[in-house]
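A.B. asks: Below you'll find the structure I mean.
In full-length UniProt numbering, the protein residues as written are 1 to 697.
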């Protein structure tokens, strides 16, 4: 019988270059602050700077007649390369790899005598990788008590050998490469050909290939040129915000639908925030527009060359603010002119293309954004401007998922009551659907960060959650126990995690509609990049990624005396008081916490569905909790809770995560109709405790 062989998909050359560029960027970007510091010190204190200081700028002699060393030269020759090398080694093999990589880089630095950024980007990862391989040789073979001795000496010996390799082997090669690349750049400058680099740089930016060029070649060469001449044009070949701004301005005047509606917000983010990727979907939507950015880029570079202008250090991000901060003292006119002319030319070319070609911008912006995120390989932190609120006027605000859902968060005001129960319910549904690796967490709105794919909130809290989680898909619910939105989220998880699914649209039932869902933007679920790069949901101070078992010896959270089978209250506020008094009687809270329970109810209802309400304090009231406790009161006849019938009121006060296990048990009970019926028929407090499980074990 013949066996069918399925060919593995081949990874394109573009993807390999993109990954390589991302790796290079990963070494440079964390250290941009150091580059900026060096650039500011250089601009201020060198001999031709704004405030020349010999001791800091490294010119002139001191009182003893010895030449001043200053800060500029040591920082560029030693600090910056070593930071890059350490970061690269750490990316490969944590701190141990970073240390060995930095040791090896010293050999390249001393051997070359010039700024060795390329050498650092070689030796850092090489040191980490080789140390990792060496450690596998004696892994598990070291006698107990000798681990530290072996680890320290092996790192020291190997680091020393790498330093000699860098000095004698790598240093001459990198110096030759830097000299050759510098000669090529100088040839382009001398012959007026440097503007032609935009033909490669602008398309490379849209395809996320620019990091390999920018951080692998332009930045190292620019640093060397800046050290020699006090500035470099190379820092603005890719970072000029003019071409992208011109394109977005053209969309503001001549675009249609969602593209036109979102262009003003995108322009602000691009020009002032320096996040250039915000305009990439506009180019992907109409590829012919790449001609506009190329024309703008060429104009900007030509202007810089003619006016002999440049920056003293890299501009990162490519914001006009960062560009001006790093501009050489004698280059402000040229740099500003380069940005303005690049904007004007890009705007004119883009306007002609938009006016003379037919295209449905309204339909394709979401698809283009999805393609952009797929090429990037991770979630775009700014794409929600295109597909979320910024585009709502033109496209209805439909969110787009460009990769699998991995992290879901339930958020409420305090992050300890309704969100914990909702998270437990949805977690069980997603696990039952066959996706146990999808993280479902709970947190307070105050502790949210933009690291989630899906955010679920009460309909009254959605607008508060959006600013902190702008790149997530938002679901608004009014029922945390059995909202129909849970099934939609499960389907979203299933669709986005199904092989071959490239994009899935999040529902948009309107944030203002009870139980509705509001899609607020694409969720791609990766952190500095991918779900590797994907940021796994981290427990916050008020939430946790999994329900936690109480620690051995922990005090009771739900005590028998805190269970009341026949409550006396007849109104919502009286029921809150009754639940609060039980917590007070346990010594779990003070009077201020009970008042905060009413404040919480006044702002957002704690009705959960299935005849259940769980009143609890506000996030600000946590200081009034002395220990974790839960009270349970049954109202057989039911009471009115903002128009909903409630038969069970569960008062909650939680420190850290101690109360989450009981909330999980409560959630399991109230999502099971048979168990709710048993709870309604219970005749003793012990039956209630048994239904909620052995939470105090």
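We put the beta carbon where it would ideally sit given N, CA and C, even for glycine.
1) Quick test of your reading: residue 582 and residue 562, contact by CB under 8 Å. State the CB separation rounded to the nearest angstrom.
2) With DSSP collapsed to three states, give me the class of residue 637.
3) For residue 168, does the count of other Cβ atoms within 10 angstroms reach 16, so buried, or fall short, so exposed?
4) What are the start and end residues of each continuous beta strand (DSSP E) run of 3 or more residues lying completely inside the segment 404 to 443, in chain order?
5) Can you give, in chain order, each stretch of the alpha helix (DSSP H) that sits fully within the segment 564 to 608 and has at least 4 residues?
6) Can you name the start and end residues of the alpha helix (DSSP H) that residue 475 belongs to?
7) Nearest-angstrom Cα distance between residue 99 and residue 155?
8) If you reduce the DSSP assignment to three classes, tell me which class residue 357 lands in.
9) So, for residue 592: in the same chain, excluding its five sequence neighbours on each side, which residues have a beta-carbon less than 8 Å away from its beta-carbon?
10) Classify residue 625 as helix, strand or coil using the three-state DSSP reduction.
11) Report yes if the C-beta distance between residue 572 and residue 672 is below 8 Å; otherwise report no.
12) In this structure, does DSSP put residue 645 in helix, strand or coil?
13) Nearest-angstrom Cα distance between residue 171 and residue 73?
14) What span of residues does the alpha helix (DSSP H) with residue 323 cover, start to end?
15) Would you list, in sequence order, the uninterrupted beta strand (DSSP E) runs of no fewer than 3 residues that lie entirely inside the segment 41 to 85?
16) From the DSSP output, in three-state form, read off residue 315 for me.
17) In whole angstroms, give me the CA-to-CA distance for residue 604 and residue 688.
18) Go through its chain and collect everything with a Cβ distance to residue 142's Cβ below 6 Å, but skip five positions before and after it.
19) Expressed to the nearest angstrom, what Euclidean distance is found between the alpha-carbon atoms of residue 681 and residue 466?
20) Quick one: Cα of residue 777 to Cα of residue 468, how far?
21) Would you check if the distance between the CB atom of residue 107 and the CB atom of residue 173 is smaller than 8 Å?
22) When the distance is taken between beta carbons, is residue 632 closer than 8 Å to residue 650?
23) Name the two residues that bound the continuous alpha helix (DSSP H) containing residue 671.
24) Candidates 450, 24, 336 and 407: which alpha carbon is nearest residue 440's?
25) Take residue 26 as the anchor and find which of 335, 336, 89 and 52 has the nearest alpha-carbon.
26) Ends of the beta strand (DSSP E) at residue 457?
27) Taking the beta carbon of residue 332 as the centre, do at least 16 other beta carbons fall within 10 Å, making it buried, or is it exposed?
28) Closest to residue 237 by C-alpha separation, out of 279, 228 and 189, would be which residue?
29) How far does the alpha helix (DSSP H) with residue 168 in it reach, from first residue to last?
30) Verify whether the separation of the beta carbon atoms of residue 222 and residue 340 is less than 8 Å.
31) Considering only DSSP beta bridges, list what residue 651 is partnered with.
32) Across which residues does DSSP place residue 613 in a beta bridge pair?
33) Taking just the CA atoms, how far does residue 472 sit from residue 395?
34) By the three-class DSSP mapping on this structure, what secondary structure does residue 351 have?
35) Am I right that residue 272 and residue 319 are in contact with their C-beta atoms under 8 Å? What's the rounded C-beta distance?
36) Only counting the same chain, and skipping five residues up and downstream in sequence, which positions put a Cβ closer than 6 Å to that of residue 129?
C.D. replies: Inspection of the coordinates gives the following:
1) The Cβ separation is near 5 Å, so the contact holds.
2) Here residue 637 carries a strand assignment [DSSP, helix/strand/coil].
3) In summary, residue 168 is exposed, with fewer than 16 beta-carbon neighbours lying within 10 Å of its beta-carbon over all protein chains present.
4) Complete beta strand (DSSP E) runs here, min 3: 407 to 412.
5) Every alpha helix (DSSP H) stretch that sits fully inside the segment 564 to 608 and reaches 4 residues is listed by chain position as 572 to 585 and 591 to 603.
6) Going by DSSP, residue 475 is part of no alpha helix (DSSP H) but of the beta strand (DSSP E) stretching over 473 to 477.
7) Each residue's alpha carbon lies about 8 Å from the other.
8) Three-state result, residue 357: coil.
9) Contacts found: 621 and 624.
10) Note: residue 625 maps to strand in three-state DSSP.
11) No.
12) Three-state DSSP puts residue 645 in a strand.
13) Each residue's CA atom was taken as its position, placing residue 171 and residue 73 some 19 Å apart.
14) Per DSSP, the unbroken alpha helix (DSSP H) holding residue 323 starts and ends at 320 to 325.
15) Entirely contained in the segment 41 to 85, not one beta strand (DSSP E) run reaches 3 residues.
16) Three-state DSSP puts residue 315 in coil, outside helix and strand.
17) Roughly 28 Å between the two C-alpha positions.
18) Apart from sequence neighbours up to five positions away, the residues of its chain that approach residue 142 with a beta-carbon distance below 6 Å are 150, ordered along the chain.
19) Taking C-alpha positions only, residue 681 is separated from residue 466 by approximately 42 Å.
20) Residue numbering for the chain in the displayed model covers 1 to 697; residue 777 lies beyond these limits and cannot be assessed.
21) Judged by beta-carbon spacing, residue 173 lies beyond the 8 Å limit of residue 107, meaning their Cβ atoms are not closer than that value.
22) Yes, Cβ-Cβ distance for residue 650 and residue 632 is below 8 Å.
23) Neither: residue 671 is in no alpha helix (DSSP H) and is coded neither H nor E.
24) It is 407.
25) Comparing Cα-Cα distances from residue 26 to each of 335, 336, 89 and 52, the minimum goes to 89.
26) Residue range 454 to 458 is occupied by the beta strand (DSSP E) that includes residue 457.
27) In this structure residue 332 is exposed. Its beta-carbon is surrounded by fewer than 16 other beta-carbon atoms within 10 angstroms.
28) When each option's Cα is compared against that of residue 237, the closest is 189.
29) Where residue 168 is concerned, there is no enclosing alpha helix (DSSP H), because DSSP gives it neither an H nor an E.
30) Contact check for residue 222 against residue 340 fails: the beta carbons are separated by 8 Å or more.
31) Bridge partners of residue 651: 631.
32) Residue pairing for residue 613: DSSP places it in a beta bridge opposite 607 and 649.
33) Note that residue 395 has pLDDT 32, beneath the 50 cutoff, so the model's placement of it is unreliable and the number below is only indicative. Approximately 17 Å, taken between the alpha carbons.
34) Residue 351 falls in the helix class under three-state DSSP.
35) Confirmed, Cβ separation roughly 6 Å.
36) Within the same chain, residue 129 has close Cβ partners 92.
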